[in-house]
Each structure stands twice: as structure tokens, then as C-alpha cells.
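Worksheet: the structure to be examined is printed underneath.
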Amino acid sequence: MQAATAAENKIFQALADPSRRAILQALTRGEAAVKDLTARFDISQPAVSQHLAALKNAGLVAARREGRCVYYRVEARGMKPLVDWIVHYRAFWTEHVDRLERLLERMES
Amino acid sequence: MNPNDKTAPSQSESLAFEWDLPHAPEKVWRALTDPALLAEWLLPVFGLELEPGTAFTFKTQPYPGWDGTVSCRMLEIETHRKLRYAWSVPFLDTDVTFTLTPTASGTRLSLVQSGFKPEQKREFGGARYGWAMMGGKLVDLLGRSA
Chain D
1187 MQAATAAENK IFQALADPSR RAILQALTRG EAAVKDLTAR FDISQPAVSQ HLAALKNAGL
1247 VAARREGRCV YYRVEARGMK PLVDWIVHYR AFWTEHVDRL ERLLERMES
Chain A
840 MNPNDKTAPS QSESLAFEWD LPHAPEKVWR ALTDPALLAE WLLPVFGLEL EPGTAFTFKT
900 QPYPGWDGTV SCRMLEIETH RKLRYAWSVP FLDTDVTFTL TPTASGTRLS LVQSGFKPEQ
960 KREFGGARYG WAMMGGKLVD LLGRSA
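Heads up: the sequence lines are chains D and A, in that order. Residue 1187 is where the first sequence starts when you use the working numbering, and the numbers rise one by one after that. Residue 840 is where the second sequence starts when you use the working numbering, and the numbers rise one by one after that.
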């Protein structure tokens, strides 16, 4: 889990910006090109491109070129460092409370 | 899925568990608050005081980039009933809450580890959003793409 710290940091930084969150949210509804996103949000095309670059750098979106157009989509696996974190703590508490139960058996009341 | 896992989809910022223990709350409380006992089932603890606001640490094995210190701060204590403390590791700040409810057969122990506190660092706004997203569409997508 700790090895993922740098990746987590990138994800959190990418998601800290409300515009980027809105763009990512829009992409969960399906693939879109920069011009589609520019039309949907009140942000300039260069700004949208910059946000997409940050999301891509964090591993949260992927790009696909088709002719002159680049289409962006959500890269769901990009959230894996966060999912790993949950999985880690689920296992952690389950294992440690098993130990607590064994300890309580040994303790005097 | 763990049968004790009570995490609801709407609580995607937290992990919740419940255990029914055949022991009195007073005894469970001791295991949760006595450093010698904590070291036996959880982790070695340093500087633990049952005073709200006090800082203490748990130590686990170090990893590259992390010395294995869990930084904690006591937030809430209700003797034999409730214990809540901040649980922080690099880039992840959470709260851990233990609640003890007396039952006919002993104690129901509930454990909730709740998500990030966005006010602490700029990134946590993103982290909180990340949690919320995981409870929704991205988890579906993850399930399909994994």
C-alpha cells in the first residue's frame, strides 16, 4: 500500500480541482473529444486540454486518436491505488480483530 | 466478502464492521485501551493517554518511503462505550471509531474507519471525491474492466 503513495498523491492532486472533477464526471458517461467537453463546460479549449493532461498523467483518463480528433475516456484502473487502500484496511482490521477475539479468550474477566 | 463487513454503498468514505463478542464491555474496553494488550492484538503503541487531544503513535513495519509510524490523536472517549481517534499515515488521514454496546451475550463491537478530512490538505478534497466516486460509477467500471 505504501509504495502506492506517489500514485495516490497524483490522483488526489488531479482530483483536487473542481473543473477536473467535473470533466472526469462527464467522462464517466462516455468517451468524449476535447471540443465536446469545451462545449459542455464554460472553459476554454486550452484549459480543457490542460485538465485532461493532468488527469491522464494521474492515470485517471486514457486517450485514443481517431483522425484529427482525440477521444478521452475514464481509465477506471487509475483508481486502483485508492481501491487497494480499502482492501488493505479491510484485511487489516479483519485480521487484527481475529487476534483481539483470541486475546479476550485468554484474558480474565 | 467478510460477513462482518457493514460498509454500505452510500458510506463509500468509510469502512464499517461489527462483531458480537461474548465478553463484557469492560473487558473489551481494557483490550482497546491498555497499551500492553493493544500491542498483543493491534500494534505496539507509544504515548497513549485516555485524554482527548493527546497524540500517540502505533508502530508497524517500515516500508520504503514510510517509517511505519501511524500518527494518532485521541478525539473522543466515553469509558466502556466509545473511543475515537485520528489515524494518519502519509497522505491518508482517517478517523477510527470503536463503539461498544452491551448485549445479552456480551458486547457488540462496532468499528468504523471513516474517510479523508478534506480541510487538512488541498489534496484531500480530491481524496474525498475519489472515495465518493469509488462508491459509484467508477467501481462499476472497475468491475467491468478488471
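From the three backbone atoms N, C-alpha and C, an ideal C-beta is built for every residue, glycine too.
Item	Value
Contact with chain A by Glu1287/D, beta-carbon distance below 8 Å	yes
Burial state of Arg923/A, where buried means 16 or more other Cβ atoms lie within 10 Å	buried
Closer than 8 Å to chain D by CB, Val909/A	no
C-alpha gap between Tyr902/A and Asp1228/D, whole angstroms	44 Å
Close Cβ partners of Asn1243/D (< 8 Å) along its chain, the five nearest in sequence each way excluded	Lys1196 and Ala1200
Close beta carbons around Ser1205/D, own chain, < 8 Å, minus the five adjacent residues each side	Phe1227, Ile1229, Ala1233 and His1237
Residue range of the alpha helix (DSSP H) that includes Ala1231/D	Strictly speaking, residue 1231/D in this sequence is Gln, with Ala absent from that position. Element bounds for Gln1231/D: Gln1231 to Asn1243.
The region 1279 to 1289 of chain D contacting the region 1214 to 1224 of chain D, beta-carbon criterion three pairs below 8 Å	no
Contact under 8 Å by Cβ, Phe856/A with Trp1271/D	no
Contact test: Thr938/A Cβ vs the ligand NAD heavy atom, cutoff 7 Å	Among the components of this structure there are no ligands whatsoever, and the ligand NAD is therefore not found.
Buried or exposed (CB count within 10 angstroms, at least 16 for buried), Asp859/A	exposed
Glu1252/D to Lys1266/D span [Cα, whole Å]	28 Å
Beta bridge counterpart(s) of Asp934/A as assigned by DSSP	Ala925/A and Ser953/A
Reduced DSSP secondary structure (H/G/I, E/B, other) of Glu1261/D	coil
Same chain, Cβ closer than 6 Å to Pro861/A, five either side skipped, listed in chain order	Ser944 and Gly945
Residues from the region 1216 to 1239 of chain D in contact with chain A, defined by Cβ distance under 8 Å	none
Residues near Thr908/A in its chain [Cβ-Cβ closer than 7 Å; skip 5 each side]	Thr896 and Lys898
Residues of the region 1260 to 1283 of chain D with Cβ closer than 7 Å to any Cβ of chain A, in chain order	Val1260, Ala1262, Arg1263, Met1265, Leu1268, Val1269, Trp1271, Ile1272, Tyr1275, Arg1276, Trp1279, Thr1280, His1282 and Val1283
Residue-level contact to chain D via CB, His919/A, 8 Å cutoff	no
Which of helix, strand or coil DSSP assigns to Thr1214/D	coil
Residue-level contact to chain A via CB, Ser1295/D, 8 Å cutoff	yes
Reference Ala1212/D, options Phe1198/D, Ala1193/D, Cys1255/D and Glu1261/D, closest by Cα	Glu1261/D
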